[in-house]
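Asks: What follows is a single structure, and I will ask about it in a moment.
Number of protein chains: 2
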Amino acid sequence: MKNNIRLKEQDEYFMNIALQEAAKANHAVFPNPKVGAIVVVDNNIISSGYHKCYGEEHAEANAINKLNSSITNATLYVTLEPCSHLGKRNPCTDIINSKMFSRVVIAANDPNPKASGGAEILRNNNIEVVENVCTEKSKKLNRRFFTFFEKKRPYVILKIATTLDGFIAEPSGHSKWITNEKSRQSVHKLRSTCDAILVGRRTIETDDPSLTSHGYGKDPRIIIFDSKNKNYKKYKVLDKNPIIFSGMDLNNNPQENIIHVLSELYSKSYQTLLVEGGGETISSFLDSDFFDELHIYYAPKMIGNGKPLYTGYNTLAKDYKLHLHKIDHFDNDIKITFHKGI
Amino acid sequence: MKNNIRLKEQDEYFMNIALQEAAKANHAVFPNPKVGAIVVVDNNIISSGYHKCYGEEHAEANAINKLNSSITNATLYVTLEPCSHLGKRNPCTDIINSKMFSRVVIAANDPNPKASGGAEILRNNNIEVVENVCTEKSKKLNRRFFTFFEKKRPYVILKIATTLDGFIAEPSGHSKWITNEKSRQSVHKLRSTCDAILVGRRTIETDDPSLTSHGYGKDPRIIIFDSKNKNYKKYKVLDKNPIIFSGMDLNNNPQENIIHVLSELYSKSYQTLLVEGGGETISSFLDSDFFDELHIYYAPKMIGNGKPLYTGYNTLAKDYKLHLHKIDHFDNDIKITFHKGI
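The listed protein sequences derive, respectively, from chains A and B.
Just so we're aligned, residue 119 is where the first sequence starts under my numbering, counting upward by one.
Just so we're aligned, residue 119 is where the second sequence starts under my numbering, counting upward by one.
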């Protein structure tokens, strides 16, 4: 019994180090998850690695390829179940050789049905497999990835740029610019980490935005929400092959429309959706259960009238379950990031 | 010429250390300024001190009292002109002995006419006096003190507690509570550093607030702004000898009313005024030139209707000259502190 407890503590200790490896990755891995791996022999870490970039080596390969193949009885700690499928790379289960590895410890099973099953393959190869060590930490590190597969919808980030008194535009709709250039650049960077970006029709008509990452990285696919099914002319985004959800796809129930759009985007494998406005679109999402992060930029202005950031009606008792995740500032602008429901 | 430049650099170097001493003080010194002093002989710092608490020894005394009186040719660096008047303590100029000190370097002259003149007295005692070394840093450290004497009005702090979408109460006026307990405690601490607290009549009628520091320190004097000159009943603050500015003192011009109230509070020596609401009172101050800090607490709620934090009308082009000073958070509430016009 005592030995089991000691082994469990040891596994958690090494898994936390593997998680630190995983956390070295940045959004270059998207839509893949951030994964770290370490190899332990006789309680010594002899190798480590993490998945650095989508399409490149997985964490397991980065840790194992450095090893001398004569080692035996090693334990591999990996923050996600080793993949079993031929994707951009060979299956990781192929390189976890039972001559070298007697044990594999896994933080979280792979929620992607195409890639999962690695644990079973390893067991069939006579390797001891321990699952669910520090699972929540691995999932937290990969909120976008796990939300997509577990909830079968994109991970949804709502972004608002507002005055201190809650207006996202003057009464005319004019909003250039509420926030400063540095704030807007940070939005361009955020866009480069997202697979799709959604705005309502009126935002296109009022702002004629480009909705690109402005060169910071990939451009998300543009999604337009248009329940009125209006005709579009001359707007910039029309050259970028947007997906338009029009009156034919939508009805008068904003919640049903959100479910429809998210389900379509899931089927097209868009893992992360950034919703940029306007007020009514953002408010529909805020009042749904279908968002994961809220990013609010406050500029040091007050205008007392205009387009409100939130168009619904609540009392103070309404609990949005918003948990403060991060505060940034860009000169005198402030960015507040909330996570929902953790 | 070279020697002069070197001496100037040396003076700035030591004054920065004296300023670090001054910065050790907290609001226990209010309404006195934060002052630091160091004694230098042959380029060595042989003593230092700062003013710790209102009514206790000044910085100069704390630095000089530790010294052996046989030292000669010392330089005293002090962040505020040594006082020349008999206040709670003997004049500092009395203890700066020309047998010990050949030079006194001062960051900022004392703006308080009752206490100033120290530099001249020292010169008359055959001590070389150098003024205006790191002046702005000393003034920045003592914004409340310098604003009071230089602008002949209290230093004004505006405090707002709001939802993310800019409402300070539900439509009924109900606002208990927008922010969480820790946020409210931080307001109680802020109150304990202020000499007076101002609210509009409607805030008294709607909230019946206590407006005290809740035991964190001294309670500010309560000031009520009541242009309608209504009768009050049974409200808590009436037991606390509030100063009520009523219709007899005020007119229909909010800006003139602010000037009148600030001038009265200056004449009563209230150095720092905290303005806590409601929306119209805060908005009148925001649209005046008569505020120095804006503290906004955001709670993670959106209600879409209610009493707005700002009741004026502007375009996005309006520049409030708000400079981000500090961001705090209390669990999921965020506090943003702006300074005006620096």
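Glycine included, C-beta positions come from ideal geometry on N, C-alpha and C.
Quick caveat: nothing in here was measured; it's all calculated off a predicted structure.
Verify whether the separation of the beta carbon atoms of Arg-271(B) and Tyr-384(B) is less than 8 Å.
Replies: As a working note, residue 271(B) is residue 153 in the second sequence. As a working note, residue 384(B) is residue 266 in the second sequence. Yes, they are a contact pair.
Asks: Please identify the residue among Met-133(A), Leu-125(A) and Val-159(A) whose C-alpha is closest to the C-alpha of Tyr-168(A).
Replies: As a first step, residue 168(A) must be located in the first sequence, where it is residue number 50. Checked all of Met-133(A), Leu-125(A) and Val-159(A); the closest Cα to Tyr-168(A) is Met-133(A).
Asks: Output the distance between the C-alpha atoms of Leu-240(B) and Tyr-131(B), rounded to the nearest integer angstrom.
Replies: Against the second sequence, residue 240(B) aligns to sequence position 122. Against the second sequence, residue 131(B) aligns to sequence position 13. Cα to Cα, Leu-240(B) sits roughly 22 Å from Tyr-131(B).
Asks: Strictly by DSSP, which residues pair up with Arg-339(A)?
Replies: Here residue 339(A) refers to the residue found at position 221 of the first sequence. Beta-bridge pairing links Arg-339(A) to Ala-314(A).
Asks: When the distance is taken between beta carbons, is Val-274(B) closer than 8 Å to Phe-363(B)?
Replies: Taking the first residue of the second sequence as 1, we reach residue 363(B) at position 245. Taking the first residue of the second sequence as 1, we reach residue 274(B) at position 156. Their beta carbons are not under 8 Å apart, which means Phe-363(B) does not touch Val-274(B) by this criterion.
Asks: Below 8 Å between beta carbons is the criterion; list the residues of the segment 404-436 of chain A that meet it against any residue of chain B, in chain order.
Replies: Cβ contacts with chain B: Leu-404, Ile-414, Tyr-416, Pro-418, Lys-419, Met-420, Ile-421, Gly-422, Asn-423, Pro-426, Leu-427, Tyr-428, Thr-429, Gly-430, Tyr-431, Asn-432, Thr-433, Leu-434 and Lys-436.
Asks: Quick one: is Ile-454(A) near chain B, going by C-beta distance under 8 Å?
Replies: Position 336 of the first sequence, counted from the start, is the residue given in the question as residue 454(A). Taking Cβ atoms only, chain B reaches closer than 8 Å to Ile-454(A), which makes this a yes.
Asks: Does the distance from the CB of Ser-301(B) to the CB of Phe-448(B) come in under 8 Å?
Replies: Locating residue 301(B) in the second sequence gives position 183, counting from the first residue. Locating residue 448(B) in the second sequence gives position 330, counting from the first residue. Yes; because the gap between Cβ atoms is below 8 Å, this pair is in contact.
Asks: Considering only their Cβ atoms, is the gap separating Lys-307(A) from Tyr-334(A) smaller than 8 Å?
Replies: Along the first sequence, read from residue 1 onward, the residue named residue 334(A) stands at position 216. Along the first sequence, read from residue 1 onward, the residue named residue 307(A) stands at position 189. It is a contact, given that the beta carbons lie within the stated cut-off.
Asks: Could you compute how far the alpha carbon of Met-420(B) sits from the alpha carbon of Phe-285(A)?
Replies: Position 302 of the second sequence, counted from the first residue, corresponds to residue 420(B). Position 167 of the first sequence, counted from the first residue, corresponds to residue 285(A). Distance between the alpha carbons of Met-420(B) and Phe-285(A) is about 13 Å.
Asks: If the criterion is Cβ atoms closer than 8 Å, does the pair Ile-189(B) and Ser-220(B) meet it?
Replies: On the second sequence, residue 189(B) is found 71 positions in, with the first residue counted as 1. On the second sequence, residue 220(B) is found 102 positions in, with the first residue counted as 1. Taking 8 Å as the Cβ cut-off, Ile-189(B) and Ser-220(B) do not qualify as a contacting pair.
Asks: Thr-193(B) to Ser-256(B), Cα distance in whole Å?
Replies: By 1-based counting over the second sequence, the position of residue 193(B) is 75. By 1-based counting over the second sequence, the position of residue 256(B) is 138. Cα-Cα distance, rounded: 18 Å.
Asks: Run through DSSP, which three-state label would Lys-126(B) get?
Replies: As a working mapping, residue 126(B) is identified with position 8 in the second sequence. DSSP places Lys-126(B) in helix when its eight states are reduced to three.
Asks: Could you tell me whether any Cβ in chain B is nearer than 8 Å to the Cβ of Tyr-353(A)?
Replies: Locating residue 353(A) in the first sequence gives position 235, counting from the first residue. With 8 Å as the cut-off, Tyr-353(A) does not count as an interface residue toward chain B.
Asks: Is DSSP giving Glu-139(A) helix, strand or coil here?
Replies: The count along the first sequence starts at 1 and reaches residue 139(A) at position 21. Three-state result, Glu-139(A): helix.
Asks: Straight-line CA distance for Arg-320(B) to Lys-346(B)?
Replies: Sequence index remark: in the second sequence, residue 320(B) carries index 202 (1-based). Sequence index remark: in the second sequence, residue 346(B) carries index 228 (1-based). Roughly 10 Å between the two C-alpha positions.
Asks: Give the range of the alpha helix (DSSP H) segment to which Ala-146(A) is assigned.
Replies: Along the first sequence, one-based indexing puts residue 146(A) at 28. Per DSSP, Ala-146(A) belongs to no alpha helix (DSSP H) and is neither H nor E.
Asks: Considering only C-alpha positions, which residue in the set Tyr-438(B), Asn-370(B) and Asn-183(B) is nearest to Pro-418(A)?
Replies: Translated into the one-based positions of the first sequence, residue 418(A) becomes position 300. Selected option, being the one with the closest Cα: Tyr-438(B).
Asks: Relative to the alpha-carbon of Gly-205(B), which residue among Ala-181(B), His-176(B), Val-251(B) and Asn-375(B) has its alpha-carbon at the smallest distance?
Replies: Locating residue 205(B) in the second sequence gives position 87, counting from the first residue. Answer by Cα proximity: His-176(B).
Asks: Which of helix, strand or coil does DSSP assign to Asn-180(A)?
Replies: As a working mapping, residue 180(A) is identified with position 62 in the first sequence. Helix, per DSSP.
Asks: Go through the segment 282-335 of chain A residue by residue and report every complete run of the beta strand (DSSP E) that reaches 3 residues or more, in order.
Replies: 285-287 and 314-318, all fully within the segment 282-335 of chain A.
Asks: Using a C-beta to C-beta distance shorter than 8 Å, which residues of chain A count as neighbours of Leu-276(B)?
Replies: Reading the second sequence from its first residue, position 158 is the one you call residue 276(B). The contacting residues do not exist; Leu-276(B) stays about 11 Å from chain A at best.
Asks: Based on Cα-Cα distance, which residue from Pro-209(A), Glu-238(A) and Ala-233(A) lies nearest to Val-223(A)?
Replies: Position 105 of the first sequence holds residue 223(A). Selected option, being the one with the closest Cα: Glu-238(A).
Asks: Closest to Glu-199(A) by CA distance: which of Gln-373(A), Asn-230(A), Leu-185(A) and Met-218(A) is it?
Replies: By 1-based counting over the first sequence, the position of residue 199(A) is 81. Comparing Cα positions, the closest option is Asn-230(A).
Asks: Do Ala-140(A) and Thr-211(A) have their CB atoms nearer than 8 Å?
Replies: The residue given as residue 140(A) occupies position 22 in the first sequence. The residue given as residue 211(A) occupies position 93 in the first sequence. No, the Cβ-Cβ distance between Ala-140(A) and Thr-211(A) is not below 8 Å.
Asks: Apart from the five residues on each side of it in sequence, which residues of its chain come closer than 6 Å, Cβ to Cβ, to Ile-135(B)?
Replies: Translated into positions along the second sequence, residue 135(B) becomes position 17. Answer for Ile-135(B): Ile-156, listed in chain order.
Asks: Using the three-state DSSP reduction, which class does Gly-395(A) fall into: helix, strand or coil?
Replies: Your numbering for residue 395(A) matches position 277 in the first sequence. Strand.
Asks: Using a Cβ-Cβ cut-off of 8 Å (strictly less than) and excluding sequence neighbours within five positions of Pro-463(B), which residues of its own chain qualify?
Replies: Coverage of chain B is limited to positions 119 through 460, which leaves residue 463(B) absent and any answer about it impossible.
Asks: List, in chain order, every chain A residue whose beta-carbon is nearer than 9 Å to that of His-457(B).
Replies: Locating residue 457(B) in the second sequence gives position 339, where the first residue counts as 1. Ordered by position in chain A, no residue passes the 9 Å Cβ test against His-457(B), which lies about 10 Å from the chain.
Asks: Leaving aside the five residues before and after Tyr-388(B) along the sequence, list all residues of the same chain whose C-beta is less than 7 Å from its C-beta, in chain order.
Replies: Counted from its first residue, the second sequence places residue 388(B) at position 270. Answer for Tyr-388(B): Pro-272, Asp-313, Ala-314 and Arg-339, listed in chain order.
Asks: Quick one: residues in its chain with C-beta nearer than 7 Å to the C-beta of His-203(A), no 5 flanking neighbours on either side, listed in chain order?
Replies: One-based indexing of the first sequence puts residue 203(A) at position 85. Here the set comprises Pro-209, Lys-232 and Ala-233.
Asks: Using DSSP bridges, identify the partner residues of Pro-426(B).
Replies: As a position in the second sequence, residue 426(B) is number 308, starting the count at 1. Pro-426(B) is bridged to Phe-285(B).
Asks: Please state whether DSSP places Glu-175(A) in a helix, a strand or coil.
Replies: Taking the first sequence and counting its residues from 1, the one referred to as residue 175(A) is at position 57. Three-state result, Glu-175(A): coil.
Asks: For a contact meaning CB atoms closer than 7 Å, what does Glu-288(A) contact in chain B?
Replies: Numbered from 1 along the first sequence, position 170 holds the residue referred to as residue 288(A). Within 7 Å Cβ-Cβ: Thr-433 and Leu-434.
Asks: CB-CB under 8 Å to Pro-360(B), same chain, minus the five flanking residues each way: which ones, in chain order?
Replies: The residue you call residue 360(B) lines up with position 242 of the second sequence. Excluding sequence neighbours, Pro-360(B) sits near Arg-339, Ile-340, Ile-341 and Ile-342.
Asks: Distance cutoff 8 Å, beta carbons only. Does Tyr-438(A) sit that close to anything in chain B?
Replies: For the purposes of this step, residue 438(A) is taken as residue 320 along the first sequence, with counting starting at 1. Yes, contact with chain B.
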